[in-house]
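**Student:** Got a structure here, written out as structure tokens. Questions coming.
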């Protein structure tokens, strides 16, 4: 009977070791699973943090690009305004020069018109004086002819 007890005892000890081995391995498996779960969670967390960092970087980069684009647009706008102001100033100067020239031409035209009127008036006065003088000369010739008793043709002939 001893052998049977020993065999039974061996079976019980083997079963006990199997149960212990099962639970130990199960605990190890649970620990491994738990470790894998923690690694997975850590990887997910790190990936989320990295994604958030990349997102922030992209946002900052986009803001920087937008700022640079806005600054460039403002610079171009200032340059265009400066050019426009220069063009307006040149146009204003040309307009002022044209107005001065027009004023000069109008003054010259006015002066020429005034001189023409004066010349026409003098011409008329001279014509009137000439006509008066011709009349006076004719009168004087008649008086001379009357005093001399001969006409001009007769006086020439003699």
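Residue numbers (the numbering used here): 26 to 183.
Glycine included, each C-beta is placed from N, C-alpha and C at the ideal position.
How many Å lie between residue 79 and residue 113 at the Cα?
**Tutor:** Residue mapping note: residue 79 aligns to position 54 of the chain shown, counting from 1. Residue mapping note: residue 113 aligns to position 88 of the chain shown, counting from 1. Near 50 Å, if we compare the C-alpha coordinates of residue 113 and residue 79.
**Student:** Helix, strand or coil for residue 174? Go by DSSP, reduced to three states.
**Tutor:** Position 149 of the chain shown, counted from the start, is the residue given in the question as residue 174. Residue state, collapsed to three classes: coil.
**Student:** Would you verify that the beta carbon of residue 154 is, or is not, closer than 7 Å to some beta carbon of chain C?
**Tutor:** Absent from the structure is chain C; it holds one protein chain and no more.
**Student:** From residue 161 to residue 138, what distance separates their C-alpha atoms?
**Tutor:** Your numbering for residue 161 matches position 136 in the chain shown. Your numbering for residue 138 matches position 113 in the chain shown. Residue 161 and residue 138: Cα-Cα distance of roughly 34 Å.
**Student:** Looking only at its chain, what residues have a beta carbon closer than 8 Å to the beta carbon of residue 32, apart from the 5 residues adjacent to it on each side?
**Tutor:** For this step, residue 32 is matched to residue 7 along the chain shown. Nothing listed; no residue qualifies.
**Student:** Rounded to a whole number of angstroms, what is the C-alpha to C-alpha distance between residue 96 and residue 125?
**Tutor:** Looking up residue 96 in the chain shown gives position 71. Looking up residue 125 in the chain shown gives position 100. Roughly 43 Å between the two C-alpha positions.
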